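When we follow full-length UniProt numbering, the leftmost residue of the sequence shown carries the number 1, and every step to the right adds one. C-beta: ideal position from N, C-alpha, C; glycine also. Since this is a predicted model, take the numbers as computed values, not measurements.
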Amino acid sequence: RPSPAFPSTGLDKMPKQENGQREDSLIQNDLSESFEEEVRAFLGDEEKLHLFDDLTKVNPVTTMTVLKCLQARYRANLFYTNAGCSLVALNPFQPISCLYSPELMREYHVALCPQDLKPHIFAVAEQTYRNVQKQMDPVNQSIIVSGESGAGKTWTSRCLMKFYASVAASVISPEGNETVERIEKRVLDSNPVMEAFGNACTLRNNNSSRFGKYIQLQLDRFHHLTGASIQTFLLEKTRVGYQAPNERNFHIFYQITKGATAEERLEWNLPEGAEYRWLPNSERNLEEDSFEVTRGAMFHLGIDGAAQSNIFKVLSGLLHLGNVQFSNPMDESQPCELEDKTKEFVKTTGDLLKIPVEELLESLRIRTITAGKQQQVFKKPCSRAECETRRDCLAKVIYARLFEWLVLVINENIYTDPSVWTNFIGLLDVYGFEAFPENNLEQLCINYANEKLQQHFVAHYLKAQQEEYAAEGLQWSFINYQDNQNCLDLIEGNPLSIFSLLNEECRLNRPSNPDLFQTRIEKALASNQCLSRDKFSKKPNFIISHYAGKVCYQLAAMVEKNKDAVPPELLHVLQNSKDPLLQKLFPVTEKNQNNTKTQNRAAVVTVVSKFKGSLEHLMEILNRTTPHYIRCIKPNADCKAMTFRREEV
């Protein structure tokens, strides 16, 4: 019986012996001829290829035979195919409502054996639900939805949540129905809010998640949905102040500028047709620009009209802040000048954020230095570049805190006390593997998360296959597969790795030099075969050979992004704001922490340390649950309906 080998797991790359290679190649040729005949015979019957609903039934298993089957199924509008213990989901790139109807959910839920029906995400969902009902260890379940950016992960997670909300609510007595419907509605309403504030249009995908999320759906002892909790990972907050060419900012900014009423435009200072530097490509109209959906969901989650208006007013303040431009002063000892056109924007920003304009300008243009035993305070004007960095930093810190606060509010409205629920089903929807023309710290973290999940997937997949072989009494030997531990060691290993070198660089009390840092990485990690660099690029960089391909990362600004430092002057000005929301986001109690004389540089918590910690915590949760995999696949890079490009799949 063939082993289900998949290119991405490296199962098809068997190590060869150095000695007797010629002999090997002769045998190989002989084998490959008979093997080619088998492949030809299998592919000869094209009419039947779409009938293979499980790729482990394909014989022989090769990249070619698997691809041909998936292509035949895609043409026949069969977008789901089992692959042993995982499900392959091909993105149709068009709405197919009958595929996710309540009737179909019911069909999978009441089926004697859902696995006998056509492969579907509802079959996976029903299986996890029945596992909880059977109380077989480990009782808690996880569905890991993976795949590259634009493959359909967010949509899949959304449909899974709808399935559980409907299934867990369908058997409840009428009098209890109201609360469950409310909980179910609130759990579902968390999606549009999280997507509005956390998703954006990128080169790869119109609705790309710029954060990762793990949702725990909590079930009581009767297996009814009683609540949920959401854990988020690494919001790409740099997007607020910088959008790559042909990309957009977070959806919510487009929603407020396109969807506000005439009255709200006056209140939030958003005149029709105004241009904002941080709102590129706003002429593109996406279905994600629907402001009404977001507002309705926020109401259901307990965020009333006044609170909503406050949020949107602050966001408008950020858009005006983005239009503030600085120019070099005539005299270097003086603060940077404001460009004429932008003086009005500073005033509007101050009004919207309820910060006096003079204080706002001082925090952006002047650095306060405390030195000497007497703790003397000096004021030093910032360079033009520093002023721009501070402007962007102010926007990032406000947006990141706002996002954290929203997650907190959502959790307060959907969470139930641990005494009420006994088990959970977790849905993991993390950002897909990414490789852009320019990649930096965000992509490094995203691809590191995917690398971790790939390792989890391969280990679980092989274990499941080997248990099946043993159960059937088959003779088998352990397959020597390509583990991606080498790549993970390069990124996160101890004592030396890219993460540890990045953190060390952040502890040094000096500006980082990307060229020198590139040399340090190369010297320290030269023995790892997953590391290389683009020698033809003038920009300092390094290349990592990931399981999904090589990605080149730019070193410029990587250390600064990892430090993620917020100048104390900015925090101070935000703490003094008279805006009720900003007062919540920046409580004055923090002041002491930031002004401590004995602030230890080594204690700085960097972005990668924080992300590594939260990812390790997530992996611990996953390892204590029964995992199920849905691997989403993007059949073409242009997001075109019914277009299957074999080399991309």
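Query	Result
Say whether the segment 314-328 touches the segment 382-398, bearing in mind that this needs 3 or more beta-carbon pairs closer than 8 Å, one atom from each stretch.	yes
When you compare the segment 551-567 with the segment 502-516, are there three or more beta-carbon pairs, one atom per stretch, that lie closer than 8 Å?	yes
Would I143 pass as a contact of L117 if the rule is Cβ separation under 8 Å?	no
Contact between the segment 369-385 and the segment 577-591 is defined here as three or more beta-carbon pairs at a separation below 8 Å; is this criterion met?	no
Taking the C-alpha atoms as reference points, what is the distance between Y74 and N285?	29 Å
Does the separation of the CB atoms of A306 and I252 fall below 8 Å?	no
Please name the residue in H223, V88, T232, V420 whose C-alpha comes closest to that of K134.	H223
Classify R645 as buried or exposed, calling it buried when 16 or more other Cβ atoms lie within 10 Å of its own Cβ.	exposed
Less than 7 Å between C-beta atoms, sequence neighbours within five positions excluded: which residues of the same chain meet that for N439?	V551, C552, Y553, Q554
Out of curiosity, what's the CA-to-CA distance linking C382 and I366?	5 Å
Using DSSP bridges, identify the partner residues of F233.	G212
For the segment 69-84 against the segment 44-58, do three or more pairs of beta-carbon atoms, one drawn from each stretch, fall closer than 8 Å, so that the two count as touching?	yes
Between S290, V66, E283, I398, which lies nearest to P587 when the distance is taken from Cα to Cα?	I398
Using 10 angstroms around the beta-carbon of L188, count the other beta-carbons present and answer buried if the total reaches 16, otherwise exposed.	buried
For the candidate residues K610, L488, P437, whose alpha-carbon lies nearest to that of N246?	P437
Taking only runs that begin and end inside the segment 119-199, name each unbroken beta strand (DSSP E) of 3 or more residues, in chain order.	141-146
Would you mind sorting Q454 into buried or exposed? The rule is 16 or more other CB atoms within 10 Å of its CB.	buried
So what's Y415 in DSSP terms, helix, strand or just coil?	coil
Starting from R520 and walking both ways along the alpha helix (DSSP H), at which residues does that stretch end?	514-524
Going by alpha carbons, who is nearest to G493 out of E616, L462, E569, A565?	E616
Using CA atoms only, rank isn't needed, just tell me which of G613, L508, H628, E569 is closest to L427.	H628
On a Cα-Cα basis, can you pick out the residue from T422, E184, V193 that is closest to V139?	T422
Could you tell me if I633 is buried or exposed, where buried requires 16 or more neighbouring beta carbons within 10 angstroms of its beta carbon?	buried
Is H628 helix, strand or coil when you go by DSSP?	strand
Leaving out the 5 sequence neighbours to the left and right, which residues in its chain are closer than 7 Å to E184 when beta-carbon positions are compared?	A165, A169, L225
So, with DSSP's three-state summary, where would you put D54?	strand
So for V573, helix, strand or coil by DSSP?	helix
Can you give the Cα-Cα distance for N360 and E620, rounded to whole angstroms?	According to the sequence displayed, residue 360 carries Leu and not Asn. Each residue's alpha carbon lies about 44 Å from the other.
Distance check for E388 and A371, CA to CA, integer angstroms please.	25 Å
With a threshold of 16 other CB atoms inside 10 Å of the CB of K68, please say whether the residue is buried or exposed.	buried
Would you decide whether M642 is buried or exposed? Buried here means 16 or more other CB atoms lie within 10 Å of its CB.	exposed
Look at the alpha carbon of M330 and the alpha carbon of L402, and state the distance between them as a whole number of angstroms.	38 Å
Could you pull the start and end residues of the alpha helix (DSSP H) that G317 belongs to?	305-321
At a cut-off of 7 Å, would you count V314 as near the ligand SAM, judging by its Cβ distance to the nearest heavy atom?	Of the ligands one can find in the structure shown there are none, so the ligand SAM has no counterpart to examine.
What are the partner residues of V88, as DSSP defines its beta bridges?	T81, R631
Per DSSP, what kind of secondary structure is E18 in: helix, strand or coil?	For E18, the predicted model reports a pLDDT of 41, less than 50, meaning its position is unreliable; a value from the coordinates is still stated below. Three-state DSSP puts E18 in coil, outside helix and strand.
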